[in-house]
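Inspection log for the structure reproduced underneath, given as structure tokens.
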Amino acid sequence: MHECPTLPDRNIMPGTPGELSSEDLVEADNALAYVKNAGFKVDWLEKKLTKVKENKKVHIGETRMRELEEELKNLKQKSLKVEAMLEKEKADVLAATHLTLDEFV
3 MHECPTLPDR
13 NIMPGTPGEL
23 SSEDLVEADN
33 ALAYVKNAGF
43 KVDWLEKKLT
53 KVKENKKVHI
63 GETRMRELEE
73 ELKNLKQKSL
83 KVEAMLEKEK
93 ADVLAATHLT
103 LDEFV
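Shown next, in the form of structure tokens:
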């Protein structure tokens, strides 16, 4: 019986998920498919690639969460400023209205 050759288990995907682009992952998928079609047993590599993709999704999600948190913080600060301006405007209008009413009395 002819056994399929197996590639050595090596760290062939260096870098953190943030350093790998989506294009890099597509290329890795294509290379994996090519190697599998050539008859190599690369289940270990497929598992690693799947893990890298999952890590990439987590990394993207964490980065987006930080961006949204920063945006929310800025919006809250702006909201507080606008709220303070509104309260000042209300106070000015109330004071002006009170003076106008006093003039009639």
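So the sequence shown is numbered by my numbering: it starts at 3 and just counts up by one.
For each residue, glycine too, the CB sits at the ideal point set by N, CA and C.
In terms of CA proximity to K50, L27 leads the group K75, T99 and L27. Judged by DSSP in its simplified three-state form, L22 adopts coil rather than helix or strand. Burial of V44 is indicated by the presence of at least 16 other C-beta atoms within 10 angstroms of its C-beta. The beta carbon of S24 sits closer than 7 angstroms to none of the beta carbons in its chain outside the five residues before and after it. Between the alpha carbons of D94 and H100 lies a gap of roughly 10 angstroms. Its chain contains no residue whose beta carbon lies nearer than 7 angstroms to that of T65 once the 5 sequence neighbours on both sides are disregarded.
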